[in-house]
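Here's the structure we're looking at; comments come further down.
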Amino acid sequence: MFEIELKAKLTDRKTVEEKISAFATFMGLTEKSDVYWTQNRLGHPEKLRLRDETGKPLTANYKKKEVRHNQIEVNDEIEFTIGNTSDKEQSLKEKTSFEIFLNAAGFSPTMHKHKETKSWKFEDSLIEISYVDKLGDYIEIEILSETDNAEATQKAHDKLLSVLKKCGVPEEDIETRYYSEMLEGK
């Protein structure tokens, strides 16, 4: 599955949330704590993410990221869960075991990211407003696609821009850097 998404810096979060609430279905609040693990093989760093999200099992994630049309991300994503939410103590043991495995495979934790997020659903898109520690408020709009071919990507790109406009966020506020890139500078 491919994530096709864009994000933009927000200057007036409250107004944007009010606009979104007028046309989209509120899905809830969540917190996402990410630890990025990096392995540097022959000068080419491999990076994966462990995410601890409110009410969900721990997930491991690897993305092949690409920015297209100078505005949107197209991510080929591989993700799987570790543990479960019904037994938090067992889940923490499984997380620790997986972290030991990552260390043994040559990975080490290199960055932490924390987001507090409100989510809405609108047609085939997910809209999130997040406060990202050290970076501020952002809107993210995402569409999932079975393919990343040019036609599907262009269609998603047009839809993402349309939803962004509907949210009242100007295109010039689109941020093409990944959060990890921005956090490296902090």
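Counting in this note's numbering, the sequence shown runs from 3 upward without gaps.
Idealized CB from N, CA, C, for every residue including glycine.
Here the structure is a predicted model, which is why all the values come from computation and not from measurement.
What number of angstroms, rounded off, separates the C-alpha of residue i from the C-alpha of residue j?
{"i": "Asp150", "j": "Lys65", "result": "14 Å"}
{"i": "Leu146", "j": "Ala26", "result": "17 Å"}
{"i": "Lys123", "j": "Ala158", "result": "15 Å"}
{"i": "Glu96", "j": "Ala10", "result": "35 Å"}
{"i": "Ser23", "j": "Thr56", "result": "22 Å"}
{"i": "Thr98", "j": "Glu33", "result": "20 Å"}
{"i": "Met3", "j": "Glu81", "result": "10 Å"}
Buried or exposed, going by whether 16 or more other CB atoms sit within 10 Å of the CB of residue i?
{"i": "Ser164", "result": "exposed"}
{"i": "Leu52", "result": "buried"}
{"i": "Thr155", "result": "buried"}
{"i": "Glu48", "result": "exposed"}
{"i": "Asn77", "result": "buried"}
{"i": "Gly85", "result": "buried"}
{"i": "Glu186", "result": "exposed"}
Among the options, which one has its Cα closest to the Cα of residue i?
{"i": "Pro172", "options": "Thr83, Lys58, Lys136, Asp14", "result": "Asp14"}
{"i": "Leu12", "options": "Gly187, Ser182, Glu177, Glu186", "result": "Glu177"}
Which same chain residues end up closer than 6 Å to residue i when comparing Cβ atoms and leaving out the 5 residues on each side of it in sequence?
{"i": "Glu144", "result": "Glu5, Glu7, Leu128"}
Practice problem: Count the CB pairs spanning the region 106-113 and the region 121-132 that are closer than 8 Å, and state whether there are at least three. | Solution: Judged by pairs of C-beta atoms under 8 Å, the region 106-113 does not touch the region 121-132, as fewer than three such pairs exist.
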